[in-house]
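Let me begin by presenting the structure, written as structure tokens, before commenting on it.
Protein chains: 4
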Amino acid sequence: MAGSSIGTVFKVTTWGESHGAGIGAVVDGCPAGLPLDEEYIQTYLDRRKPGGRDFSTPRKEEDKVKILSGVFEGKTTGTPISLMIENTSQRSGDYGNLATTWRPGHADYGFDVKYGFRDYRGGGRSSGRETAARVAAGAVAMRILEQYGIEVHAWVSAIGPVVCDPDRFDADELQRNPFSMPDAQAAAKAEAYLKELMLEKDSTGSEVTCIATGVPAGIGEPVFDKLDARLGQAIFSIGAVKAVEIGDGKAVVRARGSENNDPFRIRNGKVVKTTNHAGGILGGISDGSDILIRASFKPTPSIFQEQQTVNRDHEEVDLAIKGRHDPVIGPRAAVVVEMMTAMTLADLLLIRMTNRLD
Amino acid sequence: MAGSSIGTVFKVTTWGESHGAGIGAVVDGCPAGLPLDEEYIQTYLDRRKPGGRDFSTPRKEEDKVKILSGVFEGKTTGTPISLMIENTSQRSGDYGNLATTWRPGHADYGFDVKYGFRDYRGGGRSSGRETAARVAAGAVAMRILEQYGIEVHAWVSAIGPVVCDPDRFDADELQRNPFSMPDAQAAAKAEAYLKELMLEKDSTGSEVTCIATGVPAGIGEPVFDKLDARLGQAIFSIGAVKAVEIGDGKAVVRARGSENNDPFRIRNGKVVKTTNHAGGILGGISDGSDILIRASFKPTPSIFQEQQTVNRDHEEVDLAIKGRHDPVIGPRAAVVVEMMTAMTLADLLLIRMTNRLD
Amino acid sequence: MAGSSIGTVFKVTTWGESHGAGIGAVVDGCPAGLPLDEEYIQTYLDRRKPGGRDFSTPRKEEDKVKILSGVFEGKTTGTPISLMIENTSQRSGDYGNLATTWRPGHADYGFDVKYGFRDYRGGGRSSGRETAARVAAGAVAMRILEQYGIEVHAWVSAIGPVVCDPDRFDADELQRNPFSMPDAQAAAKAEAYLKELMLEKDSTGSEVTCIATGVPAGIGEPVFDKLDARLGQAIFSIGAVKAVEIGDGKAVVRARGSENNDPFRIRNGKVVKTTNHAGGILGGISDGSDILIRASFKPTPSIFQEQQTVNRDHEEVDLAIKGRHDPVIGPRAAVVVEMMTAMTLADLLLIRMTNRLD
Amino acid sequence: MAGSSIGTVFKVTTWGESHGAGIGAVVDGCPAGLPLDEEYIQTYLDRRKPGGRDFSTPRKEEDKVKILSGVFEGKTTGTPISLMIENTSQRSGDYGNLATTWRPGHADYGFDVKYGFRDYRGGGRSSGRETAARVAAGAVAMRILEQYGIEVHAWVSAIGPVVCDPDRFDADELQRNPFSMPDAQAAAKAEAYLKELMLEKDSTGSEVTCIATGVPAGIGEPVFDKLDARLGQAIFSIGAVKAVEIGDGKAVVRARGSENNDPFRIRNGKVVKTTNHAGGILGGISDGSDILIRASFKPTPSIFQEQQTVNRDHEEVDLAIKGRHDPVIGPRAAVVVEMMTAMTLADLLLIRMTNRLD
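Residue numbers (my numbering), protein chains in the order written: chain B, 1 to 358; chain P, 1001 to 1358; chain L, 2001 to 2358; chain A, 3001 to 3358.
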């Protein structure tokens, strides 16, 4: 099992490399009768597109999704939904020494050791491009969540030292700047910072924050399929993620129980928590509050500075990566975090249907 | 699927509640021919035992493991290994209002919503006691890793504001203090801090650090079963974990690519990385360096202060939890982090055998 | 994965050998709130017991099941149900040359090649005794099916040349003869035949027929998890089964479409089929008719005649198996067929809940 | 989980309906480094093509397979292999009353009950056309088996009352007649029989026999993933199969142990069985002999006679199916049986690699 499937009931399998015929996903286990068309899925894919300007790779993929199966007369049929995105702008193939030299910060070395060789074109299977297939599949999960009034939203909350101020959170701002930041001031600072980095042929880390609202209590299974455990796998499966936090995350180390415990109260006849340090998950099961997730992305490993590395002949060499690469990963990855969250919730929501017979 | 199994080839299923007949694990897919006996497994279980003194719950479980199947004449047979630990000190049953009142910071509410009721004795299935079964199963994984020269070690690196100094790391110290801290000065400070907290009827968060050495390059599958993704699920499946970090973890947000990328070099004829910001995983695949993991544990939610909460009748009530509870989770959880790491590595090591035919 | 688990949502894992501490099963994914106790499960286990008299192995196992977890105050909690049956009558251990000699018709040779050695005591993991754990787990599945008005019944329909006459089918007869045959005349003939075989130190094949009534239409998934495909795996996983048939089974080879197609009609306002050649499954999905299954069991391979075989040193030897062995497998296996059917239906019933959101 | 995946390590997911954009398969877990190209796969697909003449449906699909991912420079990369076959001859869409009327012998009714509606074009997901995707995926499995010297061959052994004589088995004959029969005399009789049936607007059942040679001993896991159990699922997952037999199959019911047990002997220094009643599988594990499988296919349910049935409004109606349909399923299904066998063997061969560490 090359690990290309995720989920138990709502099961997503992705395939494809950066430079083959295309990439795609098969979504198995989607309930029948949901409205679904290519336009709906495309909306999400478009959010993953290179943002334009100087800050993201100008490769002009159209990333047009096609539904190849599983939808009939505008509705899901309950059978597998095959989604495909053709690779339209395959470079003609001058990869220089990338076939034989291991890029620092990339999976090249691991692939070569593991499989004996690798598809070195554009990162092959570990290209960020693989995530487009996840976004397409995640859109199907979103359709399920919509039926339950669940929304999932992710944005960039930090780029290097530039951190968004929650008090300035403005959802409209997300479309206005190329960084998916909800804070115009932070976005302006991030822009300046990135320009500086690009002059220095360098890149920066970033943080993505994700919130799921409307998730009912009772989602997630008690032990290994805890909601946070499944989110942990889903979010860490996105390349470049080095930390995942739920609720207060890393800050809990210094917290006291008396402040970290969220009191339950009754508001308008409903059970609520008056705080949400837990990020909506207690004992692996949703508690009815918002699910709060943060993911830390490492800096883009492809930088234009000369780097020390080694090649397949075990010679030490210097490598200068060419081409164009985003200097920061978060802005294009935010929608991927959103989608991995959506898939996880959809799967556990369906499993939850089987928890009781009544 | 109540989510009680983890792993694809090396597959662990746990069962049991705090106060039933016992708890246990079934390990399926362990290769045949490995030496295994109860003493070996017991060594790990003993590390999970209440540390004694004032700092951990004095429930005197013996936690003696029995091997019920899968081992013949001292060797694993390739068939399922059933491990059982009897519950010997079941309290006679005065749980007061815990049957009807939801403890803040616990899964009680989620369980009640999900299943309609719950086994309220001692936390039921979401009791920390369930982890004893994981430790027993993890010991089997350790036996596999030993054959490859892989070691996994975890310790407490922070308790509240008290942080171990890596420069004072002393492995021998781990057995000397009840906190599994490798730094005697930090342990002394932690002791003082915990005493203070206990007077205040409070608890604190903590951090566990885990390292796996000797892991060959090439472990982990490219997409959803990335080594870090699978570790993410495994570590988050431990109750009370709110953040998981690999390598530099959360610090990557502020890092630059030029400093975060680990250069490859040749040392003694072997490929090495001269730094290890990546924590031994690139693109989801091990790179031959040490695997570095950190887990942030929230403060013990069972505190003796009176807390605001709600009961099954949706009445607001005040709850004062009785009994004895550890004021910090990390010291007893360190070995659990170690074991979840070991299971994950063992599974992906076995899967790796199928990556090539030669 | 040593293949000791079956099912997707309702998932059963069995463990144990003939001569270890015991055998057992973990049932994960059982919905919460079902009434369950040891007495209920025991009813099924008792049906698997050696029938007594001369026709089955006189090993006096009590086969008393214990529920170790997952049930609280008489109801399933939604967490894993651990079931254990202790091995009480372990023979003291003179297995003669069975440790080194491969019994014809048994898995001994395969085990030795596969694992390098095997637990040779009483058949080890491939002992018929393993099926007791399945029966215990299957009883839990039966509890689920009961809630839907589904019943599953199996009986012996043939022993060697002696075939039950459907026109003489008498359910009460099943308890009266030691062969689980529903036809008294056939049972009498079978008794005579088996006596003759035992004098000749020989054994015979047999056939088990199973019917599931009350199964609603719509159970089973379209492609690889067709109801008949999943039943195929479940029934063939019982040792000694060499053929599985659904509905008319093997007879369809000679049938014509015009006679094999079952017409749909309306009776009392409901859709019915006026015949049931399909055995209740069309295109892998239940059609609302009775599910009809037949399993062909080979003759007991342990016979007392001297047989030609080979030992671990690759020497040709003659083997005379000692001890006592049933001369026919069907009578004790009927309840196992019933239970594997029940598990399969329970799993697919739960999965079916996720087919639509409304 | 809509059940569209099969296998644990070598995992195949199929997608697609008769009349969408196409059908396809994703093969995950194929080892790296195997030579693979479209021509190789096409060879197998061509065997599934309508045989021509009067005996199979004249729909002129080209069934040209495309490899969309997972192969680089002629070799598998270890990442998912996406295979697609476009649907080129979609009928323009007069399905008459098939949208609302349930064809006897088909899954229509089950689909409607299960999902609320169905893609009624050409059988939708339960069309025989789905098996083309399996054949493409199975070809990849065949590549793996080749490395071990394993061959899998299937043919039609009976059409209605016409049974091939094993003594006249002639492999060359398989390509000469349109029925995939290895016996020219039987093929001639089958032709006469089918002509007669077609005049009567009727169809017939058939039997496919499959043999796998070169399978080493030790393949298959002891309990639920027995080789025969996994074959049982795989073969029953092919539409229209109503019986699966291993070795002597159904004949074992009448057999005696003394004749059914295959003696082990040493020939040329190797362990062999002098007979093969077991069909190469003992206790669920391969024994080094040929694997022998038989599948019974029901008559094509689409016949041109008027049939009694019911429509979605629960009205009794008469249905006359139009179009062209094969009067017998076996000839085109033989290669599918072969391929499901190959996938099963490939998966269990890879799992077998993890049975021991040495």
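Don't be surprised by glycine CBs; every beta carbon is placed ideally from N, CA and C.
Fair warning: this is a prediction, and the values are worked out from it, not measured in the lab.
### Query
Is the shortest distance between the beta-carbon of R2053(L) and the beta-carbons of chain P less than 8 Å?
Residue placement at R2053(L) is flagged as unreliable, the pLDDT there being 44, under the threshold of 50; the coordinate-derived value follows with that caveat. Taking Cβ atoms only, chain P never reaches closer than 8 Å to R2053(L), which makes this a no.
### Message
My output table needs one value for F2169(L): the three-state DSSP class, helix, strand or coil.
### Response
coil
### Query
DSSP on T2014(L), reduced to helix/strand/coil?
strand
### Message
Whether or not the segment 3229-3240 of chain A and the segment 2214-2231 of chain L are in contact is what I'm after, with contact meaning three or more pairs of Cβ atoms, one per stretch, closer than 8 Å; do they touch?
### Response
yes
### Query
Could you give the distance in angstroms between the alpha-carbon of R3176(A) and the alpha-carbon of S2258(L)?
29 Å
#### Entry: Candidates T2275(L), K2270(L), L2319(L) and V2027(L): closest to V2135(L) by CA position
V2027(L)
### Query
Does the beta-carbon distance from K242(B) to G1323(P) come in below 8 Å?
no
#### Entry: Contacts of L68(B) in chain A (Cβ-Cβ under 9 Å)
W3015, G3016, G3020, A3021, G3022, I3023, G3024 and M3084
### Task
Within the segment 59-119 of chain B, note down every full alpha helix (DSSP H) run reaching 4 residues or more, in order along the chain.
108-115
### Task
Tell me, please, whether the segment 3017-3031 of chain A touches the segment 65-83 of chain B by the rule of three or more beta-carbon pairs shorter than 8 Å.
yes
### DSSP state of T2309(L) mapped onto helix, strand, coil
strand
### Query
Taking the C-alpha atoms as reference points, what is the distance between E3146(A) and E3338(A)?
14 Å
#### Entry: Secondary structure of A3136(A), DSSP reduced to three states
helix
### Neighbour-count burial assignment, D3037(A), 16 or more Cβ in a 10 Å radius
exposed
### Task
Identify whether V3223(A) lies in helix, strand or coil by the three-state DSSP scheme.
coil
### Task
Please check if any C-beta of chain A sits within less than 8 Å of the C-beta of G2280(L).
no
### Task
Taking 8 Å as the threshold, find out whether the segment 3313-3321 of chain A comes into contact with the segment 3281-3292 of chain A through three or more Cβ pairs.
no
### Query
What residue range is occupied by the uninterrupted beta strand (DSSP E) comprising G2022(L)?
G2022 to D2028
### Task
Measure the Cβ-Cβ separation of T1344(P) and L3350(A) and say whether it is below 8 Å.
no
### Message
Tell me the rounded alpha-carbon separation between L3045(A) and D3063(A).
### Response
7 Å
### Task
Could you pull the start and end residues of the alpha helix (DSSP H) that E2151(L) belongs to?
Run containing E2151(L): none in the alpha helix (DSSP H); it sits in the beta strand (DSSP E), E2151 to I2159.
### Query
Using a Cβ-Cβ distance under 8 Å, would A3032(A) count as near chain P?
yes
### Task
Please report how far the alpha carbon of E1306(P) lies from the alpha carbon of P1104(P), in whole angstroms.
11 Å
### Query
Along chain A, in chain order, which residues have C-beta atoms closer than 9 Å to that of V1009(P)?
T3008, V3009, I3351 and T3354
### Task
Spell out whether any CB of chain L is found under 8 Å from the CB atom of G232(B).
no
### Task
Report yes if the C-beta distance between A2099(L) and Y2115(L) is below 8 Å; otherwise report no.
no
### Task
Give a yes or no on whether 8 Å exceeds the smallest Cβ distance from N3087(A) to chain L.
no
### Task
Answer with buried or exposed for T3076(A), where buried requires no fewer than 16 other C-beta atoms within 10 angstroms of its C-beta.
buried
### Task
Tell me whether the beta-carbon of G280(B) lies closer than 8 Å to the beta-carbon of A1255(P).
no
### Query
How would you list, in chain order, the residues of chain A whose beta-carbon sits under 9 Å from the beta-carbon of K114(B)?
A3032 and G3078
### Query
Is P2216(L) close to chain B, meaning its C-beta is less than 8 Å from at least one C-beta of that chain?
no
### Query
Going by other Cβ atoms of all chains shown within 10 Å of its Cβ, with 16 needed for buried, is T1079(P) buried or exposed?
buried
### Message
For a cutoff of 8 Å on Cβ pairs, would you count L1348(P) as touching chain A?
### Response
no
### Query
Is the CB-CB distance between K1049(P) and G1029(P) below 8 Å?
no
### Query
Helix, strand or coil for V3126(A) per DSSP?
Going by the sequence as given, residue 3126(A) is Ser instead of Val. If DSSP states are grouped into helix, strand and coil, S3126(A) belongs with the helices.
### Query
Closer than 8 Å, CB to CB, is G149(B) near chain L or not?
no
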